[in-house]
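Peer 1: The listed protein sequences derive, respectively, from chains A and B. Its first residue numbered 2, the first sequence is counted upward by one per residue in the working numbering. Its first residue numbered 2, the second sequence is counted upward by one per residue in the working numbering. Can you read through this structure? Questions will come right after.
2 protein chains.
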Amino acid sequence: MPRELQHGATIWDVARKAGVSITTVSHSLNGKGNISEATRERVRAVAAEMGYVADAMARGLRSSKTDAIGLVFRGLDSLGNYGPNGVDVFMKLAGAAAAETLNRNLGLMLVPDLSRGPLPPFSMSLDGYIVFAPHLDDPVVALLENRGIPYVTWDRDPGRPDFRNWVAHDDAASTRTVLDHLAAAGAGSIAYVGGTDRNAWNFDCEAAYVAWCLEAGMEPRIYHVPERDGVEGGQEVGARILADGLPGAVFCLTGRHASGAAQAMQERGIRIPGDVLVCTGSDSEHSRQHRPAISALDVDIPAAAAALVQRLCDVMEGKSEPDPVLLAARFLHRKSTSPGKARNQQKRGS
Amino acid sequence: MPRELQHGATIWDVARKAGVSITTVSHSLNGKGNISEATRERVRAVAAEMGYVADAMARGLRSSKTDAIGLVFRGLDSLGNYGPNGVDVFMKLAGAAAAETLNRNLGLMLVPDLSRGPLPPFSMSLDGYIVFAPHLDDPVVALLENRGIPYVTWDRDPGRPDFRNWVAHDDAASTRTVLDHLAAAGAGSIAYVGGTDRNAWNFDCEAAYVAWCLEAGMEPRIYHVPERDGVEGGQEVGARILADGLPGAVFCLTGRHASGAAQAMQERGIRIPGDVLVCTGSDSEHSRQHRPAISALDVDIPAAAAALVQRLCDVMEGKSEPDPVLLAARFLHRKSTSPGKARNQQKRGS
DNA sequence: GTACGGAACAAAAACGTTTTTGTGTAGCTG
DNA sequence: CAGCTACACAAAAACGTTTTTGTTCCGTAC
Chain A
2 MPRELQHGAT IWDVARKAGV SITTVSHSLN GKGNISEATR ERVRAVAAEM GYVADAMARG
62 LRSSKTDAIG LVFRGLDSLG NYGPNGVDVF MKLAGAAAAE TLNRNLGLML VPDLSRGPLP
122 PFSMSLDGYI VFAPHLDDPV VALLENRGIP YVTWDRDPGR PDFRNWVAHD DAASTRTVLD
182 HLAAAGAGSI AYVGGTDRNA WNFDCEAAYV AWCLEAGMEP RIYHVPERDG VEGGQEVGAR
242 ILADGLPGAV FCLTGRHASG AAQAMQERGI RIPGDVLVCT GSDSEHSRQH RPAISALDVD
302 IPAAAAALVQ RLCDVMEGKS EPDPVLLAAR FLHRKSTSPG KARNQQKRGS
Chain B
2 MPRELQHGAT IWDVARKAGV SITTVSHSLN GKGNISEATR ERVRAVAAEM GYVADAMARG
62 LRSSKTDAIG LVFRGLDSLG NYGPNGVDVF MKLAGAAAAE TLNRNLGLML VPDLSRGPLP
122 PFSMSLDGYI VFAPHLDDPV VALLENRGIP YVTWDRDPGR PDFRNWVAHD DAASTRTVLD
182 HLAAAGAGSI AYVGGTDRNA WNFDCEAAYV AWCLEAGMEP RIYHVPERDG VEGGQEVGAR
242 ILADGLPGAV FCLTGRHASG AAQAMQERGI RIPGDVLVCT GSDSEHSRQH RPAISALDVD
302 IPAAAAALVQ RLCDVMEGKS EPDPVLLAAR FLHRKSTSPG KARNQQKRGS
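In structure tokens:
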């Protein structure tokens with residue numbers, strides 16, 4: 002049991018005990034001013050012995066640096082609105098980001114959606130922010146922009162083409178990979194199921210799908226389901242797709258939708274992958290759990306978190322802004338897209 | 002685009018614009034002093050119009066309240082040492098805790114393991130802490146105790162029987178539930194596989210197992226595998242159990258161990274649940290994914306998080322400390338423990 | 001012998017709040 | 001009309017740092 006009042010050890014206490022002024026203490030510990038090495042060392046020893054740690058508030062007040070960054074936490078309700086890949090991805094990202102920040106000796110604060118309700122106490126004092134999946138006219142980025150707080154986003158901001166501090170997967174390339182794979186596995190027509198959130202993920206994947214169809218001479222079949230509707234929304238769209246005519250493959254952006262759609266079709270006697278291929282743009286427990294397991298695009302979360310934190314640190318240090326970071330998604334080939342006989346509903350190239 | 006320098010709007014600016022002193026501003030906004038309702042309202046309006054938010058640093062410095070709590074984040078390396086249920090549970094807890102704190106308008110900061118390396122800047126200024134699964138002589142709780150920072154723990158601290166601010170599942174009751182279930186499903190002998198971390202979870206489950214065996218007249222068969230060894234450790238212990246003689250059931254505390262043990266036995270021709278029942282004390286993706294799916298105890302994470310945050314707030318407000326919170330775990334009955342013919346290796350009661 | 005300069009440290013200002021203590025005016029009492 | 005209270009607000013101290021500006025001492029150059 003060391004000191005009794007270690008809790009309140011202030012810079013004055015250290016100064017008194019070392020027989021110097023508080024200036025000397027501050028300078029000694031921070032390696033700044035002009036202090037003889039002997040004094041510096043002595044002060045360091047005293048401070049260490051007393052377990053002195055500079056008060057973060059006072060330091061932050063003076064130098065307006067908190068050494069902590071924020072991660073905008075979108076609650077479950079708003080995740081329905083914003084978070085395309087669902088809570089799983091978000092929480093994994095939070096964990097990876099925390100692991101990444103600790104390496105740099107930064108704190109990571111989870112703050113609720115900044116756009117509604119009273120601002121959480123610390124939110125405006127953080128050094129920077131990571132924003133998850135900004136949507137069109139996102140009030141959160143508007144607020145940060147307005148306050149001049151540095152931030153990076155996961156996925157690009159669809160409304161700000163000139164904003165460059167983002168990290169994302171190459172959605173266009175990923176989409177083409179998936180579609181090529183489905184076509185190679187025998188799908189002559191491919192239905193696309195996107196979400197309704199107005200974020201880059203939805204926009205870019207759909208655009209890539211349309212472009213790919215054009216090239217392949219295939220008629221686009223596009224469906225939209227609100228992200229928040231999850232598996233049930235997937236079931237509903239599965240039925241709708243069936244009513245419109247069985248395609249060779251169904252590509253659902255979210256894992257929940259894919260799982261629901263697959264389930265709805267299976268319940269109506271359709272076999273996967275025998276009669277239709279199913280694939281999702283974001284792996285989740287639902288896609289893994291489904292029988293047969295659903296092929297998916299997989300996100301390298303640690304890499305994404307590392308890139309985000311790195312970029313944010315760069316921005317905070319005022320480094321010049323290079324190009325956005327594009328990561329490659331892995332395609333996880335599972336049973337739901339095993340190749341088989343041709344499944345052309347509308348003949349390819351017809 | 003509102004104001005140009007909203008970023009730096011200070012209490013002085015508000016005071017000047019409202020034609021009052023900063024005292025009046027502070028009092029008006031915080032509903033303290035003795036201010037006429039007219040003035041109070043006018044100041045409020047001006048502040049709102051300017052988008053004024055009190056600087057958290059200054060406020061914190063003055064009143065030594067940060068309105069933020071910390072969650073000790075144990076990195077992947079130390080999770081091997083500390084986190085009994087693996088990273089999944091921890092991240093879910095973090096998410097649930099974040100959702101819970103935002104309701105109270107508190108910030109939640111993830112801080113790295115406090116016991117090693119330099120302390121992250123903010124760690125000693127937070128109002129309180131949630132510590133995940135403290136182990137015997139945990140340096141993190143020692144540090145918090147030493148600094149006089151309020152904290153609650155998830156799972157009790159095995160080394161401090163008189164510390165009461167914890168929330169946990171009733172491990173003894175859960176263990177009995179599982180063992181009763183296994184016995185009822187026909188297991189005449191049950192092998193127990195625990196971890197090596199010195200935390201309450203391991204201690205209490207093992208003690209309950211031993212007690213239950215004594216009552217049931219069954220010879221205890223206890224194995225230990227380091228948590229960090231994961232699935233591979235489970236495979237290894239599965240082989241070891243088999244070499245010692247096939248029991249009627251295997252109860253592994255962690256999902257990874259259970260999955261590995263099941264796998265090792267299945268590879269050697271043992272059928273589950275035909276020849277042996279397998280069950281785990283903490284549900285995870287591994288237990289869900291395994292074929293057959295492995296029965297498990299399931300944690301109600303949101304309830305746990307809510308209880309932890311609630312308790313921490315109580316402690317911070319200096320409320321009297323009631324009894325620790327004991328939550329009930331749900332038992333998820335899956336295929337791996339389907340009842341069948343008696344599987345008595347050693348006859349029950351013999 | 002005075003002026004200059006650098007080394008080593010100290011004093012004081014500043015950061016933006018909250019809180020304690022003042023201050024002036026009005027109304028009321030005796 | 002002196003004195004007291006209540007009211008509405010202002011001034012100033014305090015929180016614990018960092019940083020800017022001083023101060024002292026001493027050696028050296030002119």
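Glycine included, each C-beta is placed from N, C-alpha and C at the ideal position.
For my contact list, B/Ile302 and B/Ala97 are in at a C-beta cut-off of 8 Å; report their separation, rounded to the angstrom.
Peer 2: Indeed, because the Cβ distance is near 5 Å, the residues count as touching under 8 Å.
Peer 1: Can you give me the C-alpha to C-alpha distance between A/Ile36 and A/Arg63, rounded to a whole angstrom?
Peer 2: 22 Å
Peer 1: Considering just the uninterrupted stretch of the alpha helix (DSSP H) at B/Pro303, what are its terminal residues?
Peer 2: Ile302 to Met317
Peer 1: Could you check the C-alpha separation between A/Leu77 and A/Ser339 for me, to the nearest Å?
Peer 2: For A/Leu77, the predicted structure reports a pLDDT of 45, less than 50, and the residue's modelled location is therefore unreliable. A value from the coordinates is still provided. Computed Cα separation, rounded: 35 Å.
Peer 1: Measuring only between beta-carbons, confirm whether A/Asn106 sits less than 8 Å from chain B.
Peer 2: So, interface residue.
Peer 1: Take the Cβ of B/Trp13 as the centre, count every other Cβ of all protein chains shown within 10 Å, and call the residue buried at 16 or more, exposed below.
Peer 2: exposed
Peer 1: Leaving out the 5 sequence neighbours to the left and right, which residues in its chain are closer than 6 Å to B/Asn82 when beta-carbon positions are compared?
Peer 2: In this predicted model, B/Asn82 has a pLDDT of only 34, less than 50, meaning its place in the structure is not dependable; the value taken from the coordinates is given anyway. Hits under 6 Å: none found.
Peer 1: DSSP state of A/Ser337, grouped into three classes?
Peer 2: Helix.
Peer 1: Can you pull the chain B residues whose beta carbon is under 7 Å from the beta carbon of A/Lys33, in chain order?
Peer 2: In chain order: nothing, as chain B lies at least about 17 Å away.
Peer 1: For A/Gly108 versus A/Met317, is the C-beta distance shorter than 8 Å?
Peer 2: no
Peer 1: If you reduce the DSSP assignment to three classes, tell me which class B/Ile223 lands in.
Peer 2: The answer is strand: DSSP assigns B/Ile223 an E or B state.
Peer 1: Looking at chain A, which residues of the segment 92-103 of chain B have a Cβ within less than 9 Å of any of its Cβ atoms?
Peer 2: Correct list: Met92, Lys93, Ala95, Gly96, Ala98, Ala99, Ala100, Thr102 and Leu103.
Peer 1: Measuring CB atoms only, is the segment 329-339 of chain B touching the segment 283-303 of chain B, in the sense that at least three cross pairs come out at less than 8 Å?
Peer 2: Counting Cβ pairs under 8 Å, three or more are found: they touch.
Peer 1: Under the DSSP definition of a beta bridge, which residues are partnered with A/Val153?
Peer 2: A/Ile131
Peer 1: Can a CB atom of chain A be found closer than 8 Å to the CB of B/Ala297?
Peer 2: no
Peer 1: Using beta-carbon positions only, say whether A/Val44 and A/Phe74 come within less than 8 Å of one another.
Peer 2: no
Peer 1: Given A/Ala10, which residues of its chain have a CB within under 7 Å of its CB, disregarding the five upstream and five downstream residues?
Peer 2: Met51, Gly52 and Tyr53
Peer 1: I'd like to check one pair, A/Pro140 with A/Phe204: are the Cβ atoms closer than 8 Å?
Peer 2: no
Peer 1: Label B/Ala49 either buried or exposed according to how many other C-beta atoms from any shown protein chain fall within 10 Å of its C-beta, with 16 as the threshold for buried.
Peer 2: Burial call: exposed.
Peer 1: If I follow the unbroken beta strand (DSSP E) through A/Leu111, where does it start and stop?
Peer 2: Gly108 to Pro113
Peer 1: Which whole-angstrom value is the C-beta distance of A/His136 and A/Val194, which I expect to be below 8 Å?
Peer 2: That pair is no contact at about 19 Å.
Peer 1: Could you name the residues of the segment 292-319 of chain B whose beta carbon sits closer than 7 Å to any beta carbon of chain A, in the order they occur along the chain?
Peer 2: When C-beta distances to chain A are compared with 7 Å, every residue of the segment 292-319 of chain B stays at or above that value.
Peer 1: So that I know if they touch, is there some Cβ in chain B lying closer than 8 Å to that of A/Val15?
Peer 2: no
Peer 1: Quick check: is the beta carbon of B/Glu286 nearer than 8 Å to any beta carbon in chain A?
Peer 2: yes
Peer 1: Is there at least one Cβ from chain A nearer than 8 Å to B/Leu80's Cβ?
Peer 2: Unreliable positioning characterises B/Leu80 in this predicted model, as indicated by a pLDDT of 44, which lies under 50. The coordinate reading is nonetheless provided below. No, its Cβ sits nowhere closer than 8 Å to a Cβ of chain A.
Peer 1: Which residue spans inside the segment 223-290 of chain B form an unbroken alpha helix (DSSP H) run of at least 4?
Peer 2: Scanning the segment 223-290 of chain B for uninterrupted alpha helix (DSSP H) segments of 4 residues or longer gives 231-245, 256-268 and 286-290, listed from N- to C-terminal end.
Peer 1: Taking B/Arg148 as the reference, give the member of B/Gly256, B/His225 and B/Leu127 with the closest Cα.
Peer 2: B/Leu127
Peer 1: Anything in chain A within Cβ reach of B/Ser116, meaning under 8 Å, just list it in chain order.
Peer 2: Within chain A, no residue comes near B/Ser116; the closest Cβ sits about 13 Å away, beyond 8 Å.
Peer 1: Please list, in chain order, all residues of the same chain as B/Val153 whose beta carbon is under 7 Å from its beta carbon, the five residues on each side excluded.
Peer 2: Ile131, Asn166, Trp167, Val168, Leu309, Arg312, Leu313 and Val316
Peer 1: Quick one: does the C-beta of A/Ala184 sit closer than 7 Å to a heavy atom of the ligand ADP?
Peer 2: Looking for the ligand ADP in the displayed structure turns up nothing, as the structure carries no ligands at all.
Peer 1: What in chain A is Cβ-close to B/Leu145, meaning under 9 Å?
Peer 2: Result: empty, since nearest Cβ-Cβ is about 11 Å, beyond 9 Å.
Peer 1: Using 8 Å for Cβ pairs, my map puts B/Glu286 next to A/Glu322. What's the rounded Cβ distance?
Peer 2: Not quite, the Cβ-Cβ distance comes to about 38 Å (not below 8 Å), so this is no contact.
Peer 1: Using the C-alpha atoms, what's the distance from B/Asn200 back to B/Leu120?
Peer 2: 24 Å
Peer 1: Per DSSP, which residues does A/Arg331 bridge with? Please list them.
Peer 2: A/Asp299
Peer 1: Can you pull the chain B neighbours of A/Val112, defined as C-beta to C-beta under 9 Å?
Peer 2: Those are Ala99, Leu103, Gly108 and Leu109, listed as they occur along chain B.
Peer 1: Can you tell me whether A/Glu38 is buried or exposed, with buried defined as 16 or more other CB within 10 angstroms of its CB?
Peer 2: exposed
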